[in-house]
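Its first residue numbered 0, the sequence shown is counted upward by one per residue in numbering that gives the first Met the number 0.
Below you'll find the structure, written out as structure tokens, and then a few comments.
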Amino acid sequence: MNRDTLDGFGLGFRKNLKGKLYTKIEADGNGFNLSNAKLNINLTDTNIILGDSWVKNAGESASITGKFRRLDDNGFIFENISMSAPGLSIAGGFDLAEDLRLKELHFKRANIDGLIRAGLKAAPNKNNDRINMHIEGDYLNASSLISGIFKNNSDDFSVKIPLNIEASLKSISLSKDYVINNAQATYDNNGVGITDADFSGETQQGVFSLSIKTEQNTRERQLILNVPDASAAASAFLDIESIDGGSLQVNARMPEVGERGALRGILEIEDFTLVKAPILAQILSVASLKGITDTLSGEGLNFSEFSVPFVYEDGEVSIKDARISGPALGMTGTGEVNFNSQTIDMDGVLVPAYTANSVLGEIPVIGDIFVGRKGEGIFALSYTAKGIFSNAQILINPLSALTPGFLRGIFRTNRDTLSDKNWSEVEKLSGKFD
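Structure, rendered in structure tokens:
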């Protein structure tokens with residue numbers, strides 16, 4: 000047998016199998032009407048691929064053994080199923096109804112190096128319209144799911160089976176370098192996409208949590224993410240190495256299940272240090288803020304808060320009225336960042352000595368006149384940054400430093416393309432720093 004043979008039986012393993020498999024069946028029955036059987040499949044000459052996590056090369060010893068029984072109600076039991084290969088050990092069984100519907104699945108051991116080390120059970124619910132699954136054990140690698148979330152705003156990355164999962168694991172890997180301990184998770188999928196999910200666990204810095212809830216009135220989904228170690232998450236998921244410390248929170252809206260659309264929300268980070276950020280270093284250098292530039296290149300700049308209203312879709316993020324503030328520097332930004340092409344198109348203002356420079360902003364009327372927008376100051380330099388991440392073109396307008404806050408907007412780029420229905424949704428969301 001080979002994968003073409005399995006395709007003929009309606010078993011879709013073409014992407015996972017390559018090569019020959021040798022099958023031995025010892026059975027009792029009348030023709031194909033079997034009452035019981037013993038199964039032995041030799042997979043030594045087969046190449047098996049389970050995504051990026053596990054591969055068995057042809058020539059490596061592997062086998063599947065098990066027993067089959069037909070029940071009085073014409074259902075089937077597959078028991079004592081065992082699959083062994085280098086780095087893989089699976090043991091359990093499953094029951095099927097006469098029409099081959101799953102009645103119960105139970106694997107006391109599902110150990111696949113780099114993917115899972117746990118036991119699992121599954122069965123249809125009472126209405127027979129959804130599979131309930133329970134996973135409990137030592138480890139699960141969920142990095143491919145997380146990667147799909149970052150690459151795609153739709154539900155293309157999720158399974159297309161009505162499924163409810165409850166999981167309790169000692170550790171879950173969200174990426175190669177980011178592991179959650181003592182993890183608890185629930186997951187609901189209606190067969191089109193994820194409707195609800197809750198996930199929580201521990202990192203060295205505190206509790207990590209992710210929640211997705213479908214709103215009954217709009218059918219859109221609310222996403223709330225709390226990350227106690229912003230620097231580790233930025234490094235693991237976005238390859239950003241310029242953040243040290245900090246805690247991160249995201250409050251966002253996802254499209255209705257099955258619909259393509261943007262992720263709209265607010266990302267906030269508090270109490271962190273920015274170190275050797277290339278684009279910011281270029282902006283500070285062009286603005287002749289040498290002391291701040293030296294600090295950024297050395298021990299780093301401390302910031303108390305960073306707030307980014309965003310709309311994200313297909314690798315592109317639009318940003319409106321983002322602001323970052325710390326004792327030595329404040330900054331605002333509006334524009335677009337494209338992670339696919341590694342380009343940026345932003346403008347905003349720099350506010351040196353932000354703590355002192357923004358004091359007047361708290362005074363009604365006077366603050367509006369001299370300071371301008373939230374996050375700006377009495378003395379502020381308008382900037383634009385455009386081009387590829389590694390070598391963006393930076394322009395500073397020195398005249399803006401002498402301009403009252405309420406007139407500073409004349410130096411800003413016209414970004415009417417950012418004014419669409421997505422932003423009205425973002426403006427309804429509240430953040431910690433509002």
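C-beta atoms are modelled at their ideal positions from N, C-alpha and C, and glycine is treated no differently.
From a predicted model like this one, the values you see are computed outputs, not experimental measurements.
Item, Value
"Put residue 336 into one of helix, strand or coil per three-state DSSP.", "strand"
"Run through the DSSP bridge pairs and tell me what residue 392 is partnered with.", "385"
"Taking buried to mean at least 16 other C-beta atoms within 10 Å of its own C-beta, is residue 175 buried or exposed?", "exposed"
"Using DSSP's beta-bridge definition, name the partner residues of residue 221.", "212 and 252"
"Can you tell me where the alpha helix (DSSP H) with residue 230 in it begins and where it stops?", "229-237"
"So, is residue 394 buried or exposed, given that buried needs 16 or more other C-beta atoms within 10 angstroms?", "exposed"
"Use the C-beta contact count for residue 425: other C-beta atoms within 10 angstroms, 16 or more gives buried, fewer gives exposed.", "buried"
"Would you report the Cα separation of residue 308 and residue 324, rounded to the nearest angstrom?", "15 Å"
"Less than 7 Å separating the beta-carbons of residue 334 and residue 344?", "yes"
"Which class does residue 104 belong to by DSSP, given the choice of helix, strand or coil?", "strand"
"Could you give the distance in angstroms between the alpha-carbon of residue 16 and the alpha-carbon of residue 57?", "10 Å"
"Exposed or buried, what is residue 21 when buried is set at 16 or more other beta-carbons lying within 10 Å of its beta-carbon?", "exposed"
"Find the nearest neighbour of residue 296 within the set 312, 267, 275 and 314, judged by alpha-carbon distance.", "275"
"For residue 264, which option in 218, 234, 291 and 317 has the closest C-alpha, if you only look at C-alpha atoms?", "317"
"By alpha-carbon positions, which one of 70, 187, 273 and 231 ends up nearest to residue 178?", "231"
"For residue 140, report the span of its beta strand (DSSP E) as first-last.", "130-140"
"Is the distance from the Cβ of residue 271 to the Cβ of residue 242 below 7 Å?", "yes"
"Counting C-beta neighbours from all protein chains within 10 Å, is the total for residue 421 16 or more, i.e. buried, or is it exposed?", "buried"
"Can you tell me the Cα-Cα spacing of residue 85 and residue 269, whole angstroms?", "46 Å"
"Residue 327 by DSSP, collapsed to three states: which one?", "coil"
"Leaving out the 5 sequence neighbours to the left and right, which residues in its chain are closer than 7 Å to residue 319 when beta-carbon positions are compared?", "308, 333, 417 and 422"
"If you run the structure through DSSP and keep just helix, strand and coil, what is residue 160?", "coil"
"What do you get for residue 246, buried or exposed, if any count of 16 or more other CB atoms within 10 angstroms of its CB means buried?", "buried"
"Can you name, in chain order, every residue of its own chain whose Cβ lies under 7 Å from the Cβ of residue 389, other than the five neighbours on each side?", "277"
"Where do the ends of the beta strand (DSSP E) carrying residue 195 lie?", "193-202"
"So for residue 351, helix, strand or coil by DSSP?", "strand"
"Count the other CB atoms, across all protein chains shown, that sit within 10 Å of the CB of residue 217; report buried if there are 16 or more and exposed otherwise.", "exposed"
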